[in-house]
Structures are given as structure tokens and as C-alpha cells.
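Written out below as C-alpha cells is the structure these notes cover.
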Amino acid sequence: MDPIYITELFGTFFFAMSGALAAAEHNEEHDWFGAGFIGFVTAIGGGSLRDILLGSYPLIWVGNVRFLYAILLGILLAGLFYNTLLKLRRTFLLFDTLGISLFTILGTEKALRYGISSEVAAMMGMFTAVMGGVVRDTLLNEVPVIFKKEIYASACLMGASIYLLLINFGVERNSSFFASILVVVIIRILALKFKLSLPKFKRG
Amino acid sequence: MDPIYITELFGTFFFAMSGALAAAEHNEEHDWFGAGFIGFVTAIGGGSLRDILLGSYPLIWVGNVRFLYAILLGILLAGLFYNTLLKLRRTFLLFDTLGISLFTILGTEKALRYGISSEVAAMMGMFTAVMGGVVRDTLLNEVPVIFKKEIYASACLMGASIYLLLINFGVERNSSFFASILVVVIIRILALKFKLSLPKFKRG
Amino acid sequence: MDPIYITELFGTFFFAMSGALAAAEHNEEHDWFGAGFIGFVTAIGGGSLRDILLGSYPLIWVGNVRFLYAILLGILLAGLFYNTLLKLRRTFLLFDTLGISLFTILGTEKALRYGISSEVAAMMGMFTAVMGGVVRDTLLNEVPVIFKKEIYASACLMGASIYLLLINFGVERNSSFFASILVVVIIRILALKFKLSLPKFKRG
Chain W
105 MDPIYITELF GTFFFAMSGA LAAAEHNEEH DWFGAGFIGF VTAIGGGSLR
155 DILLGSYPLI WVGNVRFLYA ILLGILLAGL FYNTLLKLRR TFLLFDTLGI
205 SLFTILGTEK ALRYGISSEV AAMMGMFTAV MGGVVRDTLL NEVPVIFKKE
255 IYASACLMGA SIYLLLINFG VERNSSFFAS ILVVVIIRIL ALKFKLSLPK
305 FKRG
Chain V
105 MDPIYITELF GTFFFAMSGA LAAAEHNEEH DWFGAGFIGF VTAIGGGSLR
155 DILLGSYPLI WVGNVRFLYA ILLGILLAGL FYNTLLKLRR TFLLFDTLGI
205 SLFTILGTEK ALRYGISSEV AAMMGMFTAV MGGVVRDTLL NEVPVIFKKE
255 IYASACLMGA SIYLLLINFG VERNSSFFAS ILVVVIIRIL ALKFKLSLPK
305 FKRG
Chain Z
105 MDPIYITELF GTFFFAMSGA LAAAEHNEEH DWFGAGFIGF VTAIGGGSLR
155 DILLGSYPLI WVGNVRFLYA ILLGILLAGL FYNTLLKLRR TFLLFDTLGI
205 SLFTILGTEK ALRYGISSEV AAMMGMFTAV MGGVVRDTLL NEVPVIFKKE
255 IYASACLMGA SIYLLLINFG VERNSSFFAS ILVVVIIRIL ALKFKLSLPK
305 FKRG
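In C-alpha cells form, the structure reads like this:
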């Protein structure tokens with residue numbers, strides 16, 4: 105089977121699991137439906153927004169029921185192994201970083217197929233990766249992740265830009281793909297390790 | 105005239121009325137525009153989201169101006185008879201239950217016409233019924249109804265699943281329709297009467 | 105070049121700038137990405153929602169990268185001249201009033217081209233003007249502007265209605281255009297000067 109398809113399914117599974125865990129952490133009163141709903145929108149929010157903005161139908165999870173099953177599995181495991189999974193925070197952070205890197209580049213590639221400019225394609229890639237989290241936080245009445253995390257969405261934007269630069273310079277697709285994913289991962293790791301952040305918008 | 109069309113118009117009218125009342129209860133400072141806007145999004149939110157996710161154009165209220173007039177009438181009556189209507193809470197709860205049951209099954213049917221899987225169609229049916237309320241609560245900065253009400257969206261999901269099961273087993277459409285609406289209504293009444301709730305996601 | 109196109113580009117630039125400023129005022133901790141993201145959704149939110157509701161693809165900023173550059177320029181200037189710009193509040197209010205007037209009528213015109221009723225077209229015009237601000241406020245967890253500002257969205261709705269009336273009575277397009285923009289501006293100025301507001305929905 106197509107390795108990209110497998111990876112997308114796994115990414116969707118993972119985002120659903122982490123979304124459900126985040127919901128339960130935010131409010132311990134959530135029942136299975138509430139936590140599951142949050143897991144669902146976290147998993148499909150970014151890709152759905154991208155496809156709606158592009159007018160690309162059918163949406164992936166609407167056209168292929170396997171994505172729904174991947175999400176349900178993620179929610180189920182999150183509920184059954186809640187306490188164990190919460191202890192794996194560091195592992196999660198790694199998966200999240202891998203997930204947003206991958207979704208950024210895949211989203212950018214998909215957008216390019218619609219004949220739009222590189223600049224807008226990079227934004228679509230970033231949306232794919234982070235907007236599920238934004239919808240999740242908005243539903244939970246929390247400050248959206250992209251406004252508080254150290255260099256999160258901006259790392260995606262940088263990765264997408266590098267991918268587009270490499271492609272435009274004629275670098276082969278697979279090399280560009282892995283190089284730009286590596287860039288996002290490295291930026292995220294450096295930002296976390298050295299507590300890097302972007303300059304404040306409002307100066308002193 | 106088509107009885108389904110009449111029912112949809114009436115359901116839209118009712119959701120607009122209850123949305124405007126909820127807005128005014130939440131914040132007594134709302135003016136006619138503010139309460140009306142909330143009534144509007146409550147009425148069209150669920151169906152519009154379903155149609156945007158399906159790529160089904162034109163949206164019902166965009167293509168047929170009568171839905172807009174049903175909404176305006178609902179808002180007008182809500183404002184004129186505010187105090188009287190608030191006393192009719194129990195009646196409203198009944199109408200709301202009927203409304204979400206009906207919109208769930210109609211939404212599921214519409215989704216099926218787009219050739220999607222039963223599982224996704226059930227989710228679309230549930231979205232049709234409850235997402236207007238979610239947008240309403242998000243605009244009011246409240247915890248969305250689906251996260252706090254006793255077995256609300258999950259009752260819709262169960263009703264939609266039963267509808268799809270019956271249809272798949274070859275039961276005639278009208279019988280399936282009324283049976284599954286009855287299921288949602290009964291689940292909701294039992295949940296309210298016995299204060300049933302789904303199991304918590306996070307176990308003590 | 106087309107004067108309407110130039111005006112749209114300038115309006116987008118202005119909304120991005122005012123959105124980024126509003127973000128930084130709301131929370132001084134916003135970094136460049138956070139304030140810029142808010143500026144971006146403020147600028148494109150209304151028009152994108154209108155086009156998604158109409159099913160009109162490609163979205164303007166997706167199809168034409170100049171809108172993205174207008175937005176980036178607005179964000180850049182907002183960050184560089186933050187303190188100076190905040191002192192120009194009165195000027196901003198004027199620009200905002202001009203901006204929403206113009207976007208209302210342009211949005212109404214675009215909606216009409218999709219063969220929808222005048223009533224729905226007027227709502228689409230109002231959405232074009234104010235929904236970017238609603239998304240901005242929802243992301244900032246603030247009460248959306250349309251629920252607190254003196255006769256804001258309702259002024260747009262009145263302007264759109266007058267435009268449609270004039271057109272229907274056979275008045276020439278350009279005269280209708282400027283007359284209805286003037287109506288919105290005058291209503292807004294009167295509302296601000298005399299602190300006019302719509303009647304409360306709930307009567308004491």
C-alpha cells in the first residue's frame with residue numbers, strides 16, 4: 105500500500121488520541137462523547153479546513169471511511185489507557201512534532217496541485233497541521249495553541265517554505281520532502297530545548 | 105405541499121426562536137441584532153456545516169428565501185413574547201427534542217444521497233441537529249451544549265445508526281424514519297427523567 | 105487598473121493592519137506570528153465565509169497572491185509603527201467605517217451574481233464586512249464585535265438593503281453604489297456621535 109496513505113491514517117489516529125486526551129485533561133467531567141468529539145475535530149479540522157478553502161471535494165474523511173475508524177480507534181485507546189498515555193508526554197511531544205511536520209508538507213503538496221501560488225500553498229500546509237488544534241482549543245474555550253506554544257505554527261510555515269524553495273530549485277521530490285520535515289522537527293526541538301520564541305509584536 | 109419541506113421550515117423557525125431566547129437569557133444586554141444573529145446561526149449552522157462538508161450547493165437557506173423568512177419570524181416572536189415563551193420551558197424541551205430527532209434523520213438521508221458510507225452519514229445527521237447549537241454557544245463564549253447536556257448529540261448518533269440499520273435490513277423508508285425518530289425522543293426523555301449520562305472519559 | 109480591485113486590495117491591507125493591532129492590544133504577549141495570524145483572519149474571514157457559503161471558488165486570496173502580500177504589508181506596518189498607529193484611533197475608526205461600507209456593497213453585488221434572492225444577498229454583504237471581526241474576536245476569546253458595538257453590522261445590513269432597493273428601482277449602478285456606502289457611513293457616524301443603539305431584545 106501507499107506509504108503516504110498509511111502515514112496519513114496513522115497521523116489521523118494520533119491526532120484523535122491526543123485531542124481526546126487534551127479534552128479530558130482540560131475538563132475531567134467530559135464523557136466519552138465529549139472527549140471523542142474533541143478528538144474527532146482535532147484529527148480532521150486542519151485537513152477539512154484546507155480542503156474547504158481549496159474547494160477540494162470530497163473531504164478525505166467523508167470519502168474514505170477508514171479515517172473515521174482510525175479516529176475511533178484513537179479515541180478508544182485514549183479512554184482505555186488514559187493514565188498510561190499521560191505519562192508518555194515526552195513521546196507524545198515527539199509524535200506531535202512528527203505529525204505537524206508531515207501534515208504540513210503533505211498539505212502543501214496537495215494545495216500545489218490546485219494550481220495556486222507557492223505562498224498560499226505554504227499557508228495551506230500550515231493550516232493542515234495546526235488548525236485542528238485551533239478548533240479544539242476554541243471549543244474548549246482555551247487560548248488556541250498557535251498563540252502560546254513556542255514556535256509551533258511558524259515552524260510549519262518555515263518547513264513549507266523550504267520545501268517549496270527546494271522544489272523550485274529542482275531538487276527531487278523525496279529529498280525535498282524529508283529535508284523539509286527534518287527542518288520542522290529540528291526547529292521545534294531547538295525551540296523547546298532553548299525556550300526560543302519569536303519576537304513580541306508589541307515592543308516594550 | 106411536501107410534508108418534509110413544511111417540517112424543515114418549521115424546524116428552522118423553531119431553532120431560530122430558541123436561539124434568540126438563549127442569547128437573551130445569556131446576556132440581557134443583547135439588542136435585536138445580536139439576539140437575531142444568534143437565532144440565525146442556531147437555525148442554519150448545522151445544515152450549513154453538513155452541506156459545506158458534503159460540498160452540496162446551494163445551501164438550503166441561500167437557495168430558498170423562505171427559510172430566511174421563517175428565521176425572521178422566529179426571532180420576531182421570540183422578542184415580542186419573550187417572557188411568555190420563557191415560561192414554556194417544558195414545551196420547548198419537547199420541541200427541541202423533536203427538532204433534533206427530525207434534523208438528524210433528514211440530515212442522514214441527505215448525506216446518503218452523496219454516496220458516502222453509512223458511518224459518515226450518521227455523523228452528518230448528528231452535525232445537522234447539534235452544530236447550530238455549538239456555533240451559538242461558541243459565539244456566546246459558553247461551553248457548547250454537546251459537552252454538558254445529558255445524552256444529547258449521542259442520542260442523535262444512536263437514532264441515525266438505527267435508521268441506517270433499518271434501511272440496510274430492507275425496512276421500508278417511512279417506518280424506519282418514524283422508528284428512529286422515536287428512538288431519539290425516547291432516549292432523550294429517559295436521559296432527562298433518570299438523569300442518565302454517558303460514562304466519564306477519565307476514570308477516577 | 106480596475107478601481108474596485110485596488111480598493112479591495114487596500115481594504116484587505118487595512119483590515120489586516122487593524123486586526124494585528126487589535127490582537128496586540130488584547131494581549132501584549134502576542135508574538136509576530138500570533139498577531140499576524142489574527143490580522144490574516146480578520147482580513148480574509150468575511151470574504152472567505154461569503155464565498156464558502158456561496159460555493160464560489162477559488163477564494164479571492166487563494167487565487168490571487170497579491171491579497172496575501174497586502175495582508176503581510178499591513179501586519180508588518182502594524183508591528184513597526186504600533187505606538188504611532190494606536191494614537192490614530194479616530195482615523196482608524198473612519199477607515200473601518202469606510203471599509204465595512206465598501207465590503208458590504210461589494211459583497212452584496214458578488215452574491216447577486218450567483219442568482220440568489222435580494223434578502224440573502226444583503227446578508228452575504230453584511231457577512232463580508234463583519235465576519236472577519238467575529239472570527240478575530242472568537243479566537244481572542246472576546247465578545248464578538250457585532251454584539252457590542254453601536255449599530256455596526258446592522259448599519260451594513262441597512263446599506264445593503266438600500267443598495268438593493270435602488271437597483272431594483274432602476275437606479276444606475278454607480279449612483280446606487282455611492283449612495284448606499286454613504287448611508288452606512290452616515291448611520292455609523294450618527295450612532296457614534298449620539299451613542300445610538302438598537303432596542304434591547306429583552307424588555308425590562
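Top to bottom, those sequences are chains W, V and Z. First residue of the first sequence: 105, per the working numbering; consecutive thereafter. First residue of the second sequence: 105, per the working numbering; consecutive thereafter. First residue of the third sequence: 105, per the working numbering; consecutive thereafter. From the three backbone atoms N, C-alpha and C, an ideal C-beta is built for every residue, glycine too.
9 Å Cβ cut-off: residues of chain W touching L269 of chain V: Here residue 269 of chain V refers to the residue found at position 165 of the second sequence. Those within 9 Å of L269 of chain V in chain W number zero; the least Cβ separation is about 16 Å.
D135 of chain Z, DSSP secondary structure in three states: Position 31 of the third sequence, counted from the start, is the residue given in the question as residue 135 of chain Z. Strand, per DSSP.
Presumed contact (8 Å Cβ cut-off) between V287 of chain Z and I266 of chain Z, rounded CB distance: Taking the third sequence and counting its residues from 1, the one referred to as residue 287 of chain Z is at position 183. Taking the third sequence and counting its residues from 1, the one referred to as residue 266 of chain Z is at position 162. The pair is a contact, with the Cβ atoms about 5 Å apart (cut-off 8 Å).
Cutoff 8 Å: N131 of chain Z Cβ touching any chain V Cβ: Here the question's residue 131 of chain Z lines up with position 27 in the third sequence. With 8 Å as the cut-off, N131 of chain Z does not count as an interface residue toward chain V.
Outcome for F282 of chain Z when other beta-carbon atoms lying within 10 angstroms are tallied against a minimum of 16: Your numbering for residue 282 of chain Z matches position 178 in the third sequence. Exposed: under 16 other Cβ atoms inside 10 Å.
Residue-chain proximity (Y218 of chain Z, chain W), Cβ-Cβ < 8 Å: Along the third sequence, read from residue 1 onward, the residue named residue 218 of chain Z stands at position 114. False, the Cβ-Cβ gap to chain W never drops below 8 Å.
Chain W within 8 Å of F141 of chain Z, Cβ atoms only: Stepping through the third sequence from its first residue, residue 141 of chain Z is reached at position 37. At least one chain W Cβ lies under 8 Å of F141 of chain Z.
Under 8 Å between C-beta atoms of E112 of chain W and L210 of chain W: Along the first sequence, read from residue 1 onward, the residue named residue 112 of chain W stands at position 8. Along the first sequence, read from residue 1 onward, the residue named residue 210 of chain W stands at position 106. Yes.
P162 of chain Z: contacting residues in chain W (beta-carbon distance under 8 Å): Here residue 162 of chain Z refers to the residue found at position 58 of the third sequence. Those within 8 Å of P162 of chain Z in chain W are L158, G159, Y218, I220.
Where K304 of chain Z sits in the DSSP three-state scheme: For the purposes of this step, residue 304 of chain Z is identified with residue 200 of the third sequence, where counting begins at 1. DSSP places K304 of chain Z in strand when its eight states are reduced to three.
8 Å Cβ cutoff, D135 of chain W in contact with chain V: Along the first sequence, read from residue 1 onward, the residue named residue 135 of chain W stands at position 31. Yes, its Cβ sits closer than 8 Å to a Cβ of chain V.
Check whether G183 of chain V and A139 of chain V have beta carbons under 8 Å apart: Here the question's residue 183 of chain V lines up with position 79 in the second sequence. Here the question's residue 139 of chain V lines up with position 35 in the second sequence. Yes.
Start and end residues, alpha helix (DSSP H) containing I271 of chain Z: For the purposes of this step, residue 271 of chain Z is taken as the residue at position 167 of the third sequence. I271 of chain Z -> alpha helix (DSSP H) spans 257–272.
Stretch pair the segment 166–185 of chain V + the segment 115–132 of chain V: three plus CB contacts closer than 8 Å: yes
Any C-beta of chain W under 8 Å from that of I250 of chain V: On the second sequence, position 146 is the one that residue 250 of chain V refers to. Output row for I250 of chain V: interface = yes.
Listed by chain order, chain Z residues near E213 of chain W by CB distance under 7 Å: Your numbering for residue 213 of chain W matches position 109 in the first sequence. Those within 7 Å of E213 of chain W in chain Z number zero; the least Cβ separation is about 16 Å.
C-alpha distance - V289 of chain W paired with Y186 of chain W, whole-angstrom precision: Start at 1 with the first residue of the first sequence, and residue 289 of chain W comes out as number 185. Start at 1 with the first residue of the first sequence, and residue 186 of chain W comes out as number 82. Cα to Cα, V289 of chain W sits roughly 26 Å from Y186 of chain W.
Reduced DSSP category for Y186 of chain Z - H, G, I as helix; E, B as strand; rest coil: Within the third sequence, the letter at position 82 stands for residue 186 of chain Z. If DSSP states are grouped into helix, strand and coil, Y186 of chain Z belongs with the helices.
First through last residue of the alpha helix (DSSP H) which encompasses V238 of chain Z: What you label residue 238 of chain Z is simply residue 134 of the third sequence in a count that begins at 1. Run containing V238 of chain Z: 222–243, per the alpha helix (DSSP H) assignment.
Spatial neighbours of L190 of chain V in its chain, beta-carbon cut-off 8 Å, leaving aside the 5 residues before and after: Mapped onto the second sequence, residue 190 of chain V falls at position 86. Cβ neighbours of L190 of chain V beyond the five flanking positions: L125, E129.
Closest residue to E254 of chain Z among Z:L153, Z:R194, Z:L294 (Cα-Cα distance): Here residue 254 of chain Z corresponds to residue number 150 of the third sequence, with the count starting at 1. Nearest option by C-alpha distance: Z:L294.
Where E276 of chain W falls: helix, strand or coil (DSSP): Working through the first sequence from its first residue, we reach residue 276 of chain W at position 172. Note: E276 of chain W maps to coil in three-state DSSP.
Beta carbon of L85 of chain Z nearer than 8 Å to that of M228 of chain Z: Past the edges of chain Z, shown from 105 to 308, lies residue 85 of chain Z, and the structure says nothing about it.
Three-state secondary structure (DSSP) of E129 of chain Z: As a working note, residue 129 of chain Z is residue 25 in the third sequence. Of the three classes helix, strand and coil, the one that applies to E129 of chain Z here is helix, per DSSP.
Inter-residue Cα distance where the pair is L245 of chain Z and G149 of chain Z: Here residue 245 of chain Z corresponds to residue number 141 of the third sequence, with the count starting at 1. Here residue 149 of chain Z corresponds to residue number 45 of the third sequence, with the count starting at 1. Here the sequence assigns Asn to residue 245 of chain Z, which means Leu is not the residue at that position. One C-alpha to the other measures close to 16 Å.
Contact set between the segment 225–247 of chain W and chain V, restricted to residues whose Cβ is under 7 Å from the partner: T242, L243, N245
CB contact below 8 Å: L302 of chain V versus chain W: Here residue 302 of chain V corresponds to residue number 198 of the second sequence, with the count starting at 1. With 8 Å as the cut-off, L302 of chain V counts as an interface residue toward chain W.
Inter-residue CB distance, A226 of chain W and L261 of chain W (contact presumed, cutoff 8 Å): The residue labelled residue 226 of chain W in the question sits at position 122 within the first sequence. The residue labelled residue 261 of chain W in the question sits at position 157 within the first sequence. With 8 Å as the limit, A226 of chain W and L261 of chain W qualify as a contact, their Cβ atoms being about 6 Å apart.
Nearest-angstrom beta carbon gap, D241 of chain V and V249 of chain V [assumed within contact, 8 Å]: To locate residue 249 of chain V, count along the second sequence from 1; it is residue 145. To locate residue 241 of chain V, count along the second sequence from 1; it is residue 137. Indeed, because the Cβ distance is near 6 Å, the residues count as touching under 8 Å.
Exposed unless 16 or more other CB atoms sit within 10 angstroms - verdict on S122 of chain V: Numbered from 1 along the second sequence, position 18 holds the residue referred to as residue 122 of chain V. With 16 or more other Cβ atoms within 10 Å, it is buried.
Contact under 8 Å by Cβ, G236 of chain V with V145 of chain V: Looking up residue 236 of chain V in the second sequence gives position 132. Looking up residue 145 of chain V in the second sequence gives position 41. Contact: yes.
Cβ-Cβ distance between R170 of chain Z and T232 of chain Z below 8 Å: On the third sequence, residue 170 of chain Z is found 66 positions in, with the first residue counted as 1. On the third sequence, residue 232 of chain Z is found 128 positions in, with the first residue counted as 1. No, Cβ-Cβ distance for R170 of chain Z and T232 of chain Z is not below 8 Å.
Length of the line joining the Cα atoms of N278 of chain W and T201 of chain V: By one-based count along the first sequence, residue 278 of chain W stands at place 174. By one-based count along the second sequence, residue 201 of chain V stands at place 97. In a straight line, the C-alpha of N278 of chain W is about 53 Å away from that of T201 of chain V.
Interface residues of the segment 176–198 of chain W facing chain A [CB-CB below 7 Å]: This model lacks chain A altogether; the protein chains it does include are W, V and Z.
Nearest-angstrom Cα separation, counted from L296 of chain Z out to T195 of chain Z: In the third sequence, the residue the question calls residue 195 of chain Z occupies position 91. In the third sequence, the residue the question calls residue 296 of chain Z occupies position 192. Approximately 14 Å between the Cα atoms of the pair.
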